[in-house]
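I have placed the structure first, in the form of structure tokens, so that the comments after it can refer back to it.
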Amino acid sequence: MPIDKKFRSGFVAIIGRPNVGKSTILNHLVGEKVAVVTEKPETTRDKIRGILTRPDAQVIFVDTPGIHKPANLLGKQITQAAKDSLLEVDLIVFVLDVTKGVTQEDRLISGLLKEAKKPAIALINKVDKVSKSLALPMIEEAARLYDFREIIPASATKGDNMDVLLKKTVEYLPEGPKYFPDEQYTDRTERFMAGEVVRGKALELTREEIPHSLAVLVEEFKERPKKKLIYVRAIIFVERHSQKKIIVGHKGQMLKAIGEAARKEIEDLLKKRVYLELWVKVYENWRKDPQALKMLGYA
Ligand SMILES: Nc1nc2c(ncn2[C@@H]2O[C@H](COP(=O)(O)OP(=O)(O)OP(=O)(O)O)[C@@H](O)[C@H]2O)c(=O)[nH]1
Ligand SMILES: [Mg+2]
Numbered sequence: 027m028p029i030d031k032k033f034r035s036g037f038v039a040i041i042g043r044p045n046v047g048k049s050t051i052l053n054h055l056v057g058e059k060v061a062v063v064t065e066k067p068e069t070t071r072d073k074i075r076g077i078l079t080r081p082d083a084q085v086i087f088v089d090t091p092g093i094h095k096p097a098n099l100l101g102k103q104i105t106q107a108a109k110d111s112l113l114e115v116d117l118i119v120f121v122l123d124v125t126k127g128v129t130q131e132d133r134l135i136s137g138l139l140k141e142a143k144k145p146a147i148a149l150i151n152k153v154d155k156v157s158k159s160l161a162l163p164m165i166e167e168a169a170r171l172y173d174f175r176e177i178i179p180a181s182a183t184k185g186d187n188m189d190v191l192l193k194k195t196v197e198y199l200p201e202g203p204k205y206f207p208d209e210q211y212t213d214r215t216e217r218f219m220a221g222e223v224v225r226g227k228a229l230e231l232t233r234e235e236i237p238h239s240l241a242v243l244v245e246e247f248k249e250r251p252k253k254k255l256i257y258v259r260a261i262i263f264v265e266r267h268s269q270k271k272i273i274v275g276h277k278g279q280m281l282k283a284i285g286e287a288a289r290k291e292i293e294d295l296l297k298k299r300v301y302l303e304l305w306v307k308v309y310e311n312w313r314k315d316p317q318a319l320k321m322l323g324y325a
């Protein structure tokens with residue numbers, strides 16, 4: 027390696043429709059569970075930065091909410107957040123789902139790419155689910171959407187071609203400074219991450235009934251050095267009483283399961299012991315309420 031090798035750095039937005047695997051890709055590249063992944067669309071609601079630092083480069087990946095036709099104020103605000111992120115990055119990774127083909131929403135997003143006029147890589151994800159003969163025509167179709175620098179078929183869950191994505195990403199970044207210290211892997215606070223884990227577990231464990239009416243507010247996040255643990259109190263908001271009943275479950279079993287799974291994952295993430303207290307509250311139509319969105323950090 028030449029001694030004067032340049033240090034490259036920059037911001038890379040990961041965009042795409044809901045559920046194509048953006049957060050899975052982020053987590054894989056950064057090597058930590060930075061963003062919540064579930065099998066349900068519209069899991070990610072905030073821009074979340076995941077940071078990868080190597081001797082020769084620092085890449086700040088920006089995971090974004092899936093871009094879709096918004097059905098309410100929450101949807102509008104999160105789609106807008108994804109669109110805004112295109113303006114502040116050096117490179118865009120546009121993720122498509124090979125099992126769905128190129129959809130109407132993908133075309134809408136390629137329109138945003140044309141407006142942003144930024145270098146972009148297309149990542150055709152989930153190729154582990156189809157035969158090669160299906161992936162090839164998808165690459166050709168994707169090539170017609172935008173003048174991509176690269177089109178990479180990949181599987182984020184299997185890790186296939188994630189190394190290629192990273193290699194190409196670094197190649198397209200400019201020379202630049204180290205923006206974050208070596209050990210930092212996200213710009214989000216531990217408090218925020220704890221809330222996200224709770225939301226993820228509640229989504230995961232309750233299946234279809236609840237989908238998007240869930241929000242989590244971390245009311246208290248306190249280190250208790252004497253007891254060597256972190257005390258977390260969080261409220262799970264739902265929109266209706268019937269949903270509250272599902273979250274609490276028969277004799278509180280569901281809430282207990284959510285709490286236990288979330289506590290374990292928060293402990294893994296923060297590498298500290300955690301005491302987690304969960305409450306469930308009904309907040310009617312919070313997704314249409316500007317004040318609620320503000321309180322929950324979505325505005
Ligand atoms: N088979 C397969 N499944 C994948 C792959 N990548 C992601 N998934 C699954 O797809 C689902 C959605 O993944 P996410 O990473 O949450 O997708 P997302 O694009 O961040 O979704 P939103 O946040 O809702 O926009 C999860 O069940 C993942 O496990 C892949 O390469 N192959
Ligand atoms: Mg996501």
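Positions 27 to 325 (our numbering) are the ones given, in order, by the sequence shown. Virtual Cβ for every residue (Gly too), placed ideally from N, Cα, C.
Can you give the Cα-Cα distance for residue i and residue j, rounded to whole angstroms?
| i | j | result |
| --- | --- | --- |
| serine 111 | leucine 229 | 25 angstroms |
| glutamate 176 | valine 244 | 41 angstroms |
| tryptophan 312 | alanine 318 | 6 angstroms |
| isoleucine 272 | threonine 232 | 7 angstroms |
| methionine 188 | isoleucine 150 | 11 angstroms |
| alanine 148 | leucine 171 | 10 angstroms |
| leucine 117 | proline 251 | 42 angstroms |
| threonine 50 | threonine 90 | 12 angstroms |
| valine 224 | glycine 42 | 24 angstroms |
| lysine 253 | threonine 215 | 22 angstroms |
| leucine 134 | arginine 34 | 31 angstroms |
Let's see if you can read the secondary structure: which residues bound the beta strand (DSSP E) around residue i?
| i | result |
| --- | --- |
| glutamine 84 | 83-89 |
| glycine 101 | Here glycine 101 belongs to no beta strand (DSSP E); instead the alpha helix (DSSP H) covers 99-111. |
| proline 179 | 176-179 |
| asparagine 311 | Careful: asparagine 311 lies outside any beta strand (DSSP E) and carries neither H nor E. |
| asparagine 151 | 146-151 |
| valine 63 | Unbroken run through valine 63: none, as it is neither H nor E. |
Can you give me the Cβ contacts of residue i inside the same chain, cut-off strictly under 8 angstroms, excluding the 5 residues immediately before and after it?
| i | result |
| --- | --- |
| lysine 109 | Ile93 and Leu138 |
| glutamate 58 | Gly76, Tyr211, Thr212 and Leu295 |
| phenylalanine 206 | Ile77, Thr79, Gln84, Ile86 and Asp213 |
Heavy atom of ligand 3 less than 7 angstroms from the Cβ of residue i, yes or no?
| i | result |
| --- | --- |
| lysine 254 | With respect to small molecules bound, the structure shown includes ligand 1 and ligand 2 and not ligand 3. |
At which residues does the alpha helix (DSSP H) containing residue i begin and terminate?
| i | result |
| --- | --- |
| glycine 137 | 130-142 |
| arginine 289 | 279-296 |
| lysine 169 | Before going further, note that residue 169 is alanine rather than lysine in the sequence given. Segment 158-169, the alpha helix (DSSP H) holding alanine 169. |
| leucine 52 | 48-56 |
| isoleucine 273 | 267-274 |
Using C-beta distances below 7 angstroms, list every residue in its chain close to residue i, excluding the 5 sequence neighbours before and after it, in chain order.
| i | result |
| --- | --- |
| glutamate 293 | Arg299 and Val300 |
| glutamine 103 | Leu319, Tyr324 and Ala325 |
| threonine 12 | Limits of the chain in this structure are 27 at one end and 325 at the other, which puts residue 12 out of reach. |
List the residues that DSSP assigns as beta-bridge partners of residue i.
| i | result |
| --- | --- |
| leucine 117 | Val38 |
| leucine 322 | Answer is none; leucine 322 lacks a bridge partner. |
| phenylalanine 263 | Ala241 and Lys307 |
Whose C-beta lies closer than 6 angstroms to the C-beta of residue i among residues of the same chain, with five residues either side of it excluded?
| i | result |
| --- | --- |
| valine 153 | Val124, Ala161, Pro179 and Ser181 |
| valine 128 | Glu167 |
Alpha helix (DSSP H) runs contained entirely in the stretch 182-253, provided each spans 4 or more residues: Qualifying alpha helix (DSSP H) stretches, in chain order: 188-197 and 216-232.
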